[in-house]
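Visitor: Questions regarding the structure given below will be posed in turn.
Protein chains: 4
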Amino acid sequence: MTDKKKIAILGASGYTGAELMRLLALHPHVAITALAAERSAGQPVWAVYPHLAGVALPDMVKIDAIDFSKIDLVFCCLPHATTQKVIAALPANLKVIDLSADFRLKDTAAYAQWYGHEHHAPDLQKTAVYGLTEINRDAVRAARLVANPGCYPTAAQLPLIPLLRKKQIEPGDIIVDAKSGVSGAGRDAKPDYQYCEVTDGMRAYGVASHRHTPEIEQGLSEAFGKPVTINFTPHLVPMSRGILASIYVKHADGTSANGLRDTLNAAYAKEPFVHVLPAGASASTRNLRGSNHCVIGVFADRVPGRAIIISVIDNLVKGASGQAVQNMNAMFGWPETTALEQPPLFP
Amino acid sequence: MTDKKKIAILGASGYTGAELMRLLALHPHVAITALAAERSAGQPVWAVYPHLAGVALPDMVKIDAIDFSKIDLVFCCLPHATTQKVIAALPANLKVIDLSADFRLKDTAAYAQWYGHEHHAPDLQKTAVYGLTEINRDAVRAARLVANPGCYPTAAQLPLIPLLRKKQIEPGDIIVDAKSGVSGAGRDAKPDYQYCEVTDGMRAYGVASHRHTPEIEQGLSEAFGKPVTINFTPHLVPMSRGILASIYVKHADGTSANGLRDTLNAAYAKEPFVHVLPAGASASTRNLRGSNHCVIGVFADRVPGRAIIISVIDNLVKGASGQAVQNMNAMFGWPETTALEQPPLFP
Amino acid sequence: MTDKKKIAILGASGYTGAELMRLLALHPHVAITALAAERSAGQPVWAVYPHLAGVALPDMVKIDAIDFSKIDLVFCCLPHATTQKVIAALPANLKVIDLSADFRLKDTAAYAQWYGHEHHAPDLQKTAVYGLTEINRDAVRAARLVANPGCYPTAAQLPLIPLLRKKQIEPGDIIVDAKSGVSGAGRDAKPDYQYCEVTDGMRAYGVASHRHTPEIEQGLSEAFGKPVTINFTPHLVPMSRGILASIYVKHADGTSANGLRDTLNAAYAKEPFVHVLPAGASASTRNLRGSNHCVIGVFADRVPGRAIIISVIDNLVKGASGQAVQNMNAMFGWPETTALEQPPLFP
Amino acid sequence: MTDKKKIAILGASGYTGAELMRLLALHPHVAITALAAERSAGQPVWAVYPHLAGVALPDMVKIDAIDFSKIDLVFCCLPHATTQKVIAALPANLKVIDLSADFRLKDTAAYAQWYGHEHHAPDLQKTAVYGLTEINRDAVRAARLVANPGCYPTAAQLPLIPLLRKKQIEPGDIIVDAKSGVSGAGRDAKPDYQYCEVTDGMRAYGVASHRHTPEIEQGLSEAFGKPVTINFTPHLVPMSRGILASIYVKHADGTSANGLRDTLNAAYAKEPFVHVLPAGASASTRNLRGSNHCVIGVFADRVPGRAIIISVIDNLVKGASGQAVQNMNAMFGWPETTALEQPPLFP
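Protein sequences, first through last, are from chains A, B, C and D. Taken in order, the first sequence gives residues 1 to 347; the numbers are from the working numbering. Taken in order, the second sequence gives residues 1001 to 1347; the numbers are from the working numbering. Taken in order, the third sequence gives residues 2001 to 2347; the numbers are from the working numbering. Taken in order, the fourth sequence gives residues 3001 to 3347; the numbers are from the working numbering.
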């Protein structure tokens, strides 16, 4: 273990923290040496997550109890706002992958508008790299602080960015109808996410007002070179994991659904985690549970000039902890697939 | 019972047949006197549907065994194509409500194209009334043969028809992203609808090719006065009942989401089963299980000029058997709410 | 409405309160004229329970705001302990049906032991009638205060009491392995009942220590004439509603599973809500959702001298609010089935 | 790959076949070189199991097309009866792990009675080793043909065998109330396992008549040294994976629930896959999804002399394919945990 990288997870009692532990249990080059969870400090992990009973892990402590001089990389899974203060106080040589929304928006004014308070670490923000690995790989490799993308933004941007870069779709007519499993809401007890309130039914929420909207628009605007405003409508579906984004676009004159598919195929041909399906096919979230893959299908619409893109991920893996591990692998120069090769769990 | 209307249900062993029995059990003016189910002929209903054990019902028989001279109204829940032949052979004085797709499309050429065979009763088709009750009430009241609308078409047309009639939305830019519970696929055993294949996951299906598309377009075209082509993308969600349609529209110049909502409020102000929610609200399918209601929310989009409409029903009730009972009530001159006043089941 | 009985529901914001409103919406002889819910006081019911939007109901108020001189009967759905104080303060002429555990145990010392505090109304306790309708019908009809049974106790006692009365089973060898849907845990947000913690898995809880144990033992002891101690092991199953109790008994010499079934058939032959199935059959909770029925199957075991009883109810109906309505009907001299004749919702 | 063992899976299109592929994807010492599936012959695996799209696997063929001279070990996942004939025809040097019930019962007369036809390979039966690894490890290591245990029998026998060997429980009073997820019924489309029939409800089935009964009794009888007859009552629960067996036993005089727990602790102290929990604790199936673990809790009953044992596994892993891999590891002399160290998937 002497030559393994030493990892700390802050906010280990949430779902993304647990998912990091699950994935890193099979990673040959890292050792989790510190776990922080304020309310669960002093407890072993299995007391909070019995499914991890078979994994050798340190007990959870308060953040203050961690000696960060002995840590090589921190995964930060804390709530927004708290995160900014905590990361600002970490030693400057420490690599950090932040799974919160705190460093995703480059425009701190936009952050303040959507999150309701001033940004607490605007200088640090300037150094953060947005960790959509396939899109920002070189920057991620060189980064000290990676802002790991949100779940919806990952599902939406992976198919849209290559198309906008090539100006193959109209930037003013993008509709993202997204459906998410319930784990996206986190583990804290909330009335709306009790079993009896969620099972056997579905609903839209945050219509035209969800906080992932500016994050998606930021990525699309960069890709297009001009500001892009989108429709983004999330829905809650009775499943634990998974996001399915149905994206409705108008393609540019001279191209077609096939043209869009060709562009995506070319963009992701060498990527281990992004797959573009042949014409006529789309994926079920059920076939990606536990995996870091994003699967994309492209369809011609009956409405002339329009195409439909179906993009599917596991929100806790490619949409959170899996992409974080992928980014860590990139930052340390390991193959990005390390510890991410377990097939999905089905059924 | 002498003065009760005598009802037969053909295709009683499917979910829509069972749902008719559930609803009619509380109807004061009708008696179910014949039930036909080819494969279950000879069996009591409780052997096929134990939940109906407490309802007094005749045993199931083959269609040939029914004396239709003693029947006042037939609900036909048979598969398409079969239906046309069966209904064509019924006595002409018999009222008929058909829950299949067989008489919904006025253009029999369109029928042949989408269903893969010639229409078997084109003359009868000309007499059929499309039973979207709130839209075609007068015709339904006078009808001998009602084509009961499909589940998706009900959820989509109720909000869109009043808006298209008033030319408040662009007809060339309508996207219907619809999510359905699994009962919409019927009761027959199919590999894709086994529990382990469906639970805890979701997928799109029939993208840009679902047979409910021409039915929706027919209604929208009539409302607008010119042909309307739409995007319609259905999804399968792990829940028994419910449809949630997220509809993306471009509103006409000079109006707004509020204007659309006002139009819908005016159109449905006196309707017992269609409810338009105040700004900011939308419904969950979970709050409509077992009821004949359609609940509609309207939102302004962030994309200028666009609005979002969320329309929710129970696919087996307002989307099938409940609307059929509503139509029967209209045809016999009873209050439309008769036997449809049970509150939804929650949780 | 002048001649309708006036009903108040205290604790209207919980699931049993909502279920009372659903059932009473179809009751011809009562009007709900007051609803109390401390935290939701001032709100309309639909704001808390959107599925009841179509039912005409008064807004919720604090208990203090109710003029009980204008109420004929109170359903009390408050938490235990609170309940005792509230009911003790009600006018003496008011009929009360209490859905909490506060007046179920006749032995207030046992109450103190299992619930952790002294009973606050021991004198009132002496007047309470245990409302297992089929067993205590005459006492219920004459009661002023009915202690409505718990969900598990209803499922367990209905099959066991007739057998113990006839000494057909051994009192020292009764095992009740019970499985419940999640609504039994109530509507308050608790970490253990979040969707992601419950779905797609199951667990035992309260093994050999659940508070419904003394309630079941009280009923069985009365039936047998001597103290009976049982094994009672509850389990949490990912479904909204339903209890299935698998009961393992040793039958007395000279009898058999068939003999037990005959006894139950005789005991419940005229009961509208309790059904004994023929040999070889048992029920699914899925076929009872929303109904007040209890369905019982009896099987011979492979172990000589043993029998297996499967008893199924909807925990929120026969296990709570439905039985409460049944008791109200009995107390007012109406047919017990009034407002309880809606068939179950399936699928 | 030259030094990897070559593996064939017969019946690759069922859930146990798919689960073998999922687990073996991470196995360092084997290569899957042949997959047989009669109806899916000619197709790639991803066409049948999209979740395995990322795993390099041969296309599926008919059994006849496999050159077994190039195979080192066969996993046989075929239906019963078929299995006996197929295995009898395999080369004698080939190692075989059979996941069907065909070679589990040593008494071929009992097989004929429970399965309704004569055993087709009685001589081969005599050579089969029952592969409950922790119990029969030495025999498994030396075996040519391993009969992999059923899911329910695994969950029931692991806690009961050590107790019966030590005569700590009464052999005539064992009740196994078992609850299973739906994947135990396999992947073929059957009406009873359609989503809408299973979700949000539960039922008992095969009461006192399930085919796993003689398998459990065989193991318990061997452990006790005399014939043991048990109660075994299976239930179907709306979850994909998992078995929870609630086992009710009478302990011998002079011992207690604590004594039983001590025995189990001693028996499994060194086992990587069987865990005995401290007093007061039991497991949820949800925390074992995808893993090869069996977790056991022991509780004192309120009924004097009785104890309650809660045993939990994933039916597709420790109850099928995981134990099969564990047995393969034992047969080839590899650490039994090889390829079985992935943590469970939660949530």
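Glycine included, C-beta positions come from ideal geometry on N, C-alpha and C. All values reported here derive from a predicted model rather than from experimental measurement.
Would residue 3331 of chain D pass as a contact of residue 2238 of chain C if the rule is Cβ separation under 8 Å?
Guide: In the fourth sequence, counting from the first residue as 1, residue 3331 of chain D sits at position 331. In the third sequence, counting from the first residue as 1, residue 2238 of chain C sits at position 238. For residue 3331 of chain D and residue 2238 of chain C, no; Cβs fall outside 8 Å.
Visitor: Go ahead and label residue 98 of chain A buried or exposed: buried means 16 or more other beta carbons lie within 10 angstroms of its beta carbon, across all protein chains shown.
Guide: By 1-based counting over the first sequence, the position of residue 98 of chain A is 98. Residue 98 of chain A comes out buried.
Visitor: Using a Cβ-Cβ distance under 8 Å, would residue 3301 of chain D count as near chain C?
Guide: Locating residue 3301 of chain D in the fourth sequence gives position 301, where the first residue counts as 1. Yes, contact with chain C.
Visitor: Check whether the Cβ of residue 2031 of chain C lies closer than 8 Å to any Cβ atom in chain B.
Guide: As a working mapping, residue 2031 of chain C is identified with position 31 in the third sequence. No - not a single Cβ of chain B is within 8 Å of the one on residue 2031 of chain C.
Visitor: Please list, in chain order, the residues of the segment 166-184 of chain A that have any C-beta partner in chain D closer than 7 Å.
Guide: Cβ contacts with chain D: 183.
Visitor: Can you tell me whether DSSP reads residue 177 of chain A as helix, strand or coil?
Guide: Position 177 of the first sequence, counted from the first residue, corresponds to residue 177 of chain A. Strand at residue 177 of chain A.
Visitor: Who are the near neighbours of residue 14 of chain A in its chain, counting only those whose CB is closer than 7 Å to its CB and skipping five residues on each side?
Guide: Locating residue 14 of chain A in the first sequence gives position 14, where the first residue counts as 1. If we look at residue 14 of chain A and ignore the five residues flanking it on each side, its Cβ neighbours are 77, 186 and 187.
Visitor: Just to make sure I have the definition right: I need the residues of chain C whose C-beta is within less than 9 Å of the C-beta of residue 1199 of chain B. Which are they?
Guide: Taking the first residue of the second sequence as 1, we reach residue 1199 of chain B at position 199. In chain order: 2199 and 2200.
Visitor: Note down, in chain order, every chain A residue with its Cβ under 7 Å from the Cβ of residue 3342 of chain D.
Guide: Looking up residue 3342 of chain D in the fourth sequence gives position 342. Those within 7 Å of residue 3342 of chain D in chain A are 26 and 342.
Visitor: For the structure I just gave you, are there three or more beta carbon pairs, one from the segment 3170-3177 of chain D and one from the segment 1159-1170 of chain B, closer than 8 Å?
Guide: Verdict: no, contact absent.
Visitor: Could you tell me the boundaries of the alpha helix (DSSP H) in which residue 3227 of chain D lies?
Guide: For this step, residue 3227 of chain D is matched to residue 227 along the fourth sequence. Unbroken run through residue 3227 of chain D: none, as it is neither H nor E.
Visitor: Please state the DSSP three-state secondary structure of residue 110 of chain A.
Guide: To locate residue 110 of chain A, count along the first sequence from 1; it is residue 110. Residue state, collapsed to three classes: helix.
Visitor: What residues from the segment 2281-2294 of chain C come within 9 Å of chain D, judged by C-beta to C-beta, listed N to C?
Guide: Hits within the stretch, in order: 2282, 2283, 2284, 2285, 2286, 2287, 2288 and 2289.
Visitor: To the nearest angstrom, report how far apart residue 1268 of chain B and residue 1347 of chain B are at their CA atoms.
Guide: For the purposes of this step, residue 1268 of chain B is identified with residue 268 of the second sequence, where counting begins at 1. For the purposes of this step, residue 1347 of chain B is identified with residue 347 of the second sequence, where counting begins at 1. So the two alpha carbons sit approximately 28 Å from each other.
Visitor: Drop a sphere of 10 angstroms on the beta-carbon of residue 1287 of chain B, count the other beta-carbons inside from all chains shown, and report buried for 16 or more, exposed for fewer.
Guide: Translated into the one-based positions of the second sequence, residue 1287 of chain B becomes position 287. With 16 or more Cβ atoms within 10 Å of its Cβ, residue 1287 of chain B is classed as buried.
Visitor: For residue 329 of chain A, collect the residues of the same chain with a Cβ closer than 6 Å to its Cβ; drop the 5 residues on either side in sequence, then sort them by chain order.
Guide: Looking up residue 329 of chain A in the first sequence gives position 329. Closer than 6 Å at the Cβ level, and outside the excluded window around residue 329 of chain A, lie 336 and 338.
Visitor: Mind checking whether the beta-carbon of residue 163 of chain A lies closer than 7 Å to any heavy atom of the ligand PLP?
Guide: The ligand PLP is absent from the structure shown, which contains no ligand whatsoever.
Visitor: Could you give the first and the last residue of the continuous beta strand (DSSP E) run that contains residue 1263 of chain B?
Guide: If you number the second sequence from 1, residue 1263 of chain B lands on position 263. Segment 1257-1268 is the alpha helix (DSSP H) holding residue 1263 of chain B; no beta strand (DSSP E) there.
Visitor: Which residues in the same chain have their Cβ closer than 7 Å to the Cβ of residue 1250 of chain B, if we skip the five residues on either side of it in sequence?
Guide: Reading the second sequence from its first residue, position 250 is the one you call residue 1250 of chain B. Only 1169, 1170, 1173, 1305 and 1306 meet the Cβ criterion.
Visitor: Could you tell me which residues DSSP puts in a beta bridge with residue 3155 of chain D?
Guide: Taking the first residue of the fourth sequence as 1, we reach residue 3155 of chain D at position 155. For residue 3155 of chain D, which the question treats as bridged, DSSP gives no partner whatsoever.
Visitor: Spatial neighbours of residue 2031 of chain C within its chain, please: CB distance less than 8 Å, with the 5 preceding and 5 following residues excluded, ordered by chain position.
Guide: By one-based count along the third sequence, residue 2031 of chain C stands at place 31. Only 2001, 2004, 2005, 2006 and 2007 meet the Cβ criterion.
Visitor: Check the DSSP bridge columns for residue 1349 of chain B and list the partner residues they point to.
Guide: Absent from the structure is residue 1349 of chain B, since the part of chain B shown begins at 1001 and ends at 1347.
Visitor: What is the DSSP secondary structure of residue 1028 of chain B, counted as helix, strand or coil?
Guide: Translated into the one-based positions of the second sequence, residue 1028 of chain B becomes position 28. It is coil, neither helix nor strand.
Visitor: Between the alpha carbons of residue 1039 of chain B and residue 2085 of chain C, how many angstroms are there, rounded?
Guide: For the purposes of this step, residue 1039 of chain B is identified with residue 39 of the second sequence, where counting begins at 1. For the purposes of this step, residue 2085 of chain C is identified with residue 85 of the third sequence, where counting begins at 1. Their backbone Cα atoms lie some 60 Å apart in a straight line.
Visitor: Which chain B residues are close to residue 310 of chain A, counting only those with a beta carbon under 8 Å from its beta carbon?
Guide: In the first sequence, residue 310 of chain A corresponds to position 310, counting from 1. Going along chain B in sequence order, the residues near residue 310 of chain A (Cβ under 8 Å) are 1204 and 1207.
Visitor: What residue does the alpha helix (DSSP H) around residue 141 of chain A start on, and which one ends it?
Guide: As a first step, residue 141 of chain A must be located in the first sequence, where it is residue number 141. Its alpha helix (DSSP H) spans residues 133-142.
Visitor: Mark residue 1957 of chain C as exposed unless 16 or more other C-beta atoms lie within 10 angstroms of its C-beta, in which case mark it buried.
Guide: Only positions 2001 to 2347 of chain C appear in the structure, and residue 1957 of chain C is not among them; the question remains open.
Visitor: Does the CB of residue 2014 of chain C have a neighbour CB from chain B at under 8 Å?
Guide: Reading the third sequence from its first residue, position 14 is the one you call residue 2014 of chain C. Chain B contact via Cβ: absent.
Visitor: Using C-beta distances below 6 Å, list every residue in its chain close to residue 3212 of chain D, excluding the 5 sequence neighbours before and after it, in chain order.
Guide: Here residue 3212 of chain D refers to the residue found at position 212 of the fourth sequence. Excluding residues within five positions, the ones whose Cβ falls inside 6 Å are 3150, 3152 and 3153.
Visitor: Checking the sheet assignment: what are the DSSP bridge partners for residue 194 of chain A?
Guide: Locating residue 194 of chain A in the first sequence gives position 194, where the first residue counts as 1. Bridge partners of residue 194 of chain A: C:2194.
Visitor: Are residue 146 of chain A and residue 327 of chain A close, meaning C-beta to C-beta below 8 Å?
Guide: The residue you call residue 146 of chain A lines up with position 146 of the first sequence. The residue you call residue 327 of chain A lines up with position 327 of the first sequence. Cβ atoms of residue 146 of chain A and residue 327 of chain A: closer than 8 Å.
Visitor: Are three or more beta carbon pairs between the segment 1293-1301 of chain B and the segment 1272-1283 of chain B nearer than 8 Å?
Guide: Touching, yes, given that three or more Cβ pairs across the two stretches are closer than 8 Å.
Visitor: Where does residue 1042 of chain B fall in DSSP's three states?
Guide: The residue you call residue 1042 of chain B lines up with position 42 of the second sequence. It is coil, neither helix nor strand.
Visitor: For residue 75 of chain A, name the three-state secondary structure that DSSP assigns.
Guide: Indexing the first sequence from 1 puts residue 75 of chain A at position 75. Correct three-state label for residue 75 of chain A: strand.
Visitor: If you compare alpha carbons, which of C:2220, C:2136, C:2107 and C:2256 is closest to residue 2122 of chain C?
Guide: Taking the third sequence and counting its residues from 1, one reaches residue 2122 of chain C at position 122. Taking only the C-alpha atoms, the option nearest residue 2122 of chain C is C:2107.
Visitor: Answer yes or no: does any C-beta atom of chain C fall closer than 8 Å to that of residue 1001 of chain B?
Guide: Mapped onto the second sequence, residue 1001 of chain B falls at position 1. Bear in mind that a pLDDT of 49 at residue 1001 of chain B, under 50, signals an unreliable position, so the number given afterwards is only what the model happens to contain. No, residue 1001 of chain B does not count as interfacial toward chain C.
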